[in-house]
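Structure first, commentary second.
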Ligand code: GLY
C-alpha cells in the first residue's frame with residue numbers, strides 16, 4: 002500500500018512536470034507563431050510606402066518619416082533577409098515577391114570591395130534566398146561576394162580589414178567583422194575555394210588573441226599597422242569608452258564564434274563562445290528581462306537606453322550555442338534566450354501593428370556617441386528577432402505544424 006502510494010506520487014510528479022514542460026513548450030510555440038504572424042503583417046505594412054530603389058533603415062516617430070538607405074549601406078541585406086525568413090514561415094507570396102524585388106536592387110553590391118560587411122549584406126539576403134529556393138543564381142551571387150570580401154584580407158595582420166584608413170584609424174578591425182565570416186565559411190563548405198576557410202579561421206584566431214580581454218569582454222576596434230603587423234591601439238567607436246563592453250559588439254562576438262564552431266567544430270571557438278555567453282549572462286548590469294543596456298558600462302545605468310538589437314542577436318546566438326553545449330549549459334543558454342524572446346515580444350519592445358513605420362521592434366541604439374539612431378527601430382534588430390523565432394521553431398518545437 003505504502004509502495005503504491007509512493008509510486009503514485011512519483012507518477013503524478015512526472016506527469017505534472019511533463020505538463021509544465023508541455024505548457025511551456027506550447028506557449029513558446031504560440032509565442033513564436035504569434036510573433037511570426039505579426040511580423041509578416043507588419044512588414045506588409047512597411048513595404049507599402051517603400052520606394053523601389055532603396056532599403057528601409059529606420060523610422061522617425063516624431064515626424065512620421067520612414068528613413069531609407071542606399072544598397073551600399075551595411076544594413077541593406079536585413080530587410081530582404083527578414084522577408085525571406087517570414088516567407089518561409091508563412092508562405093505568403095506577397096513577402097516573396099517583395100524579397101525578390103529587393104534582391105534585384107541589392108545584387109550589384111556583390112562586387113563592392115569597399116566594405117567588410119558583405120556577409121551581412123549578401124549572406125543574410127541571398128543566403129536565405131538560396132536556402133529557401135535552391136536557385137543557382139543566388140548561389141553565384143554569394144560566391145562572387147565571398148571573392149569580393151576576401152580582397153580585404155591583410156596577411157600581415159592575419160585579419161580582414163574593416164573600415165578603410167581614416168583620420169582615427171590606420172587599419173581598423175572591428176568585432177562586428179566576426180559576423181561576415183559566415184559568408185566565407187559557407188562558400189568554402191559548399192564547393193568554393195578553401196582559401197575562404199583559411200581567411201575566416203585566421204581572422205577568428207586573431208580576434209581571440211587581440212580583441213578579447215581576460216574577462217571575455219571585447220574591444221570594439223583594434224587598429225593595426227599594416228607594415229609591421231603590430232597593434233597601434235585598442236579603442237571604441239560606437240561604445241561608451243575604449244575599455245567598456247559595447248553591448249552589440251559583445252553580441253556580434255557571441256554569434257560569430259558560435260557560427261565558427263558550427264562550420265569548423267574547433268573546440269577553441271566553442272570555448273570562446275561559452276566564455277562570452279557566461280560573461281554576458283552573469284554580468285551584474287544585465288537587466289532582469291535580459292535585454293542589455295546599449296553598453297554594459299554605460300554611466301547612467303539603470304537609466305541608460307536599452308538596445309533591443311543586442312538582445313535579439315544574443316537570443317539567436319544562444320539558441321544555437323545551446324545545441325553544442327553540455328546539458329547544464331545548454332539549459333542555461335536556451336532559458337536565457339527564451340527570456341529574451343519573451344521580453345522582445347512584450348509591449349515593452351514590440352511595436353503595435355501599423356505603428357513604428359512597419360518595423361517590428363522598438364528601442365534600439367545604433368550609434369550612441371554619434372547621437373545617431375538612439376531608441377529607434379532598426380532592420381537588424383528585426384532580422385535577428387525573426388531569425389531567433391524561426392530557429393526556436395525549427396530546433397526546439399517537435400510538431401512545427
Ligand atoms: N556594424 C555596425 C553595428 O553593429 O552597428
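Residue numbers (our numbering): 2 to 402.
Glycine residues also receive a C-beta, built at the ideal position from the N, C-alpha and C atoms.
As the structure is a computational prediction, the values presented were derived from the model and not from experiment.
Is the distance from the Cβ of residue 60 to the Cβ of residue 369 below 7 Å?
Taking the first residue of the chain shown as 1, we reach residue 60 at position 59. Taking the first residue of the chain shown as 1, we reach residue 369 at position 368. No.
Flag residue 297 as yes if its beta-carbon sits less than 7 Å from any beta-carbon of chain D, otherwise no.
Here there is only one protein chain, and chain D is not present.
Looking only at its chain, what residues have a beta carbon closer than 7 Å to the beta carbon of residue 341, apart from the 5 residues adjacent to it on each side?
Here residue 341 refers to the residue found at position 340 when the chain shown is read from its first residue. These residues qualify, in order along the chain: 291, 292, 312, 315, 316.
Relative to the C-alpha of residue 362, which residue among 400, 41, 88, 302 is closest?
Along the chain shown, one-based indexing puts residue 362 at 361. Considering only alpha carbons, the answer is 41.
CB-CB under 7 Å to residue 298, same chain, minus the five flanking residues each way: which ones, in chain order?
For the purposes of this step, residue 298 is taken as residue 297 along the chain shown, with counting starting at 1. Within the same chain, residue 298 has close Cβ partners 241, 242, 245, 246.
What first and last residue would you give for the alpha helix (DSSP H) that runs through residue 254?
Here residue 254 corresponds to residue number 253 of the chain shown, with the count starting at 1. Counting along the chain, the alpha helix (DSSP H) containing residue 254 begins and ends at 248 to 265.
Exposure label - residue 195; buried when at least 16 CB within 10 Å:
Here residue 195 is taken as the residue at index 194 of the chain shown, counted from 1. The residue in question, residue 195, is exposed, as its Cβ has fewer than 16 Cβ neighbours within 10 Å.
Length of the line joining the Cα atoms of residue 326 and residue 53
Mapped onto the chain shown, residue 326 falls at position 325. Mapped onto the chain shown, residue 53 falls at position 52. Straight-line Cα distance between these residues: approximately 44 Å.
So is residue 49 buried or exposed if we call it buried at 16+ other beta carbons inside 10 Å?
For the purposes of this step, residue 49 is taken as residue 48 along the chain shown, with counting starting at 1. Result: exposed.
On a Cα-Cα basis, can you pick out the residue from 234, 266, 219 that is closest to residue 249?
Counted from its first residue, the chain shown places residue 249 at position 248. The candidate whose alpha carbon is nearest that of residue 249 is 219.
Considering only C-alpha positions, which residue in the set 200, 346, 376, 294 is nearest to residue 156?
Along the chain shown, one-based indexing puts residue 156 at 155. Of the candidates 200, 346, 376, 294, the one whose C-alpha sits nearest the C-alpha of residue 156 is 200.
Output the residue ranges of the beta strand (DSSP E) runs that lie fully inside the region 327 to 375 and measure 3 residues or longer, sorted by chain position.
365 to 368
Between which residues of its own chain and residue 113 is the CB-CB distance below 8 Å, once the five residues before and five after are set aside?
To locate residue 113, count along the chain shown from 1; it is residue 112. Cβ within range, chain order: 73, 119, 122, 149.
State the start and end residues of the unbroken beta strand (DSSP E) segment that holds residue 102.
Position 101 of the chain shown, counted from the first residue, corresponds to residue 102. It is not in any beta strand (DSSP E) - residue 102 instead sits in the alpha helix (DSSP H) that spans 94 to 107.
Assigned exposure category for residue 57 - 16 Cβ within 10 Å defines buried
Translated into the one-based positions of the chain shown, residue 57 becomes position 56. That one is buried.
Check whether the Cβ of residue 177 sits closer than 6 Å to any heavy atom of the ligand GLY, and report yes or no.
If you number the chain shown from 1, residue 177 lands on position 176. Answer for residue 177: yes, Cβ within range of the ligand GLY.
Apart from the five residues just before and just after residue 217, which ones in its own chain have a Cβ nearer than 6 Å to its Cβ?
Taking the first residue of the chain shown as position 1, residue 217 is located at position 216. The residues are 276, 277, 280.
7 Å CB neighbourhood of residue 82 in its chain, flanking five on each side removed
Counted from its first residue, the chain shown places residue 82 at position 81. These residues qualify, in order along the chain: 125, 126, 129, 384.
With 16 as the cutoff for other CB atoms within 10 Å, does residue 257 come out buried or exposed?
Locating residue 257 in the chain shown gives position 256, where the first residue counts as 1. With 16 or more other Cβ atoms within 10 Å, it is buried.
Please confirm whether any heavy atom of the ligand GLY lies closer than 6 Å to the CB of residue 58.
Sequence index remark: in the chain shown, residue 58 carries index 57 (1-based). The answer is no for residue 58.
Best match in 271, 320, 252 for proximity to residue 308 [C-alpha to C-alpha]
Counting from 1 along the chain shown, the entry for residue 308 is found at position 307. The candidate whose alpha carbon is nearest that of residue 308 is 252.
Are the region 227 to 237 and the region 255 to 274 in contact at 8 Å, needing three or more beta carbon pairs?
no
State the Cα-Cα distance for the pair residue 357 and residue 43, rounded to the nearest angstrom.
Within the chain shown, residue 357 is the residue found at index 356, counting from 1. Within the chain shown, residue 43 is the residue found at index 42, counting from 1. Using only the alpha carbons, I get a separation of about 9 Å.
Alpha carbon to alpha carbon, how far is residue 115 from residue 400?
Position 114 of the chain shown, counted from the first residue, corresponds to residue 115. Position 399 of the chain shown, counted from the first residue, corresponds to residue 400. Rounded to whole angstroms, residue 115 to residue 400 spans 45 Å at the Cα level.
Quick one, are the C-beta atoms of residue 161 and residue 222 less than 7 Å apart?
If you number the chain shown from 1, residue 161 lands on position 160. If you number the chain shown from 1, residue 222 lands on position 221. Contact: no.
So who's on the other strand from residue 160, going by DSSP bridges?
Locating residue 160 in the chain shown gives position 159, counting from the first residue. Looking at the DSSP assignment, residue 160 forms a beta bridge with 155.
Closest to residue 77 by C-alpha separation, out of 85, 65, 104, would be which residue?
The residue you call residue 77 lines up with position 76 of the chain shown. For residue 77, the nearest C-alpha among the options comes from 104.
Give, in chain order, every unbroken run of the alpha helix (DSSP H) that is at least 4 residues long and sits entirely within the region 188 to 234.
196 to 212
Buried or exposed: residue 272, going by 16 or more other Cβ atoms within 10 Å of its Cβ?
Here residue 272 refers to the residue found at position 271 of the chain shown. The residue is exposed, with fewer than 16 neighbouring Cβ atoms inside 10 Å.
Top-ranked residue by Cα proximity to residue 191, from 132, 181, 179:
On the chain shown, position 190 is the one that residue 191 refers to. Considering only alpha carbons, the answer is 132.
Grab the span of the beta strand (DSSP E) containing residue 315 for me, first residue to last.
Within the chain shown, the letter at position 314 stands for residue 315. Here residue 315 belongs to no beta strand (DSSP E); instead the alpha helix (DSSP H) covers 309 to 322.
Taking 6 Å as the cut-off, is the CB of residue 38 close to at least one heavy atom of the ligand GLY?
As a position in the chain shown, residue 38 is number 37, starting the count at 1. Not so, every heavy atom of the ligand GLY lies at least 6 Å from the Cβ.
Report the option in 379, 354, 397 whose CA atom is closest to the CA atom of residue 38.
Position 37 of the chain shown, counting from 1, holds the residue named residue 38. Cα-wise, what sits closest to residue 38 is 354.
Check residue 112 in the structure and name its three-state DSSP category.
Start at 1 with the first residue of the chain shown, and residue 112 comes out as number 111. Helix, per DSSP.
Have a look at residue 319 and residue 344 and give me their C-alpha separation to the nearest angstrom.
Residue 319 sits at position 318 when you count from the first residue of the chain shown. Residue 344 sits at position 343 when you count from the first residue of the chain shown. Rounded to the nearest angstrom, the two C-alpha atoms are 15 Å apart.
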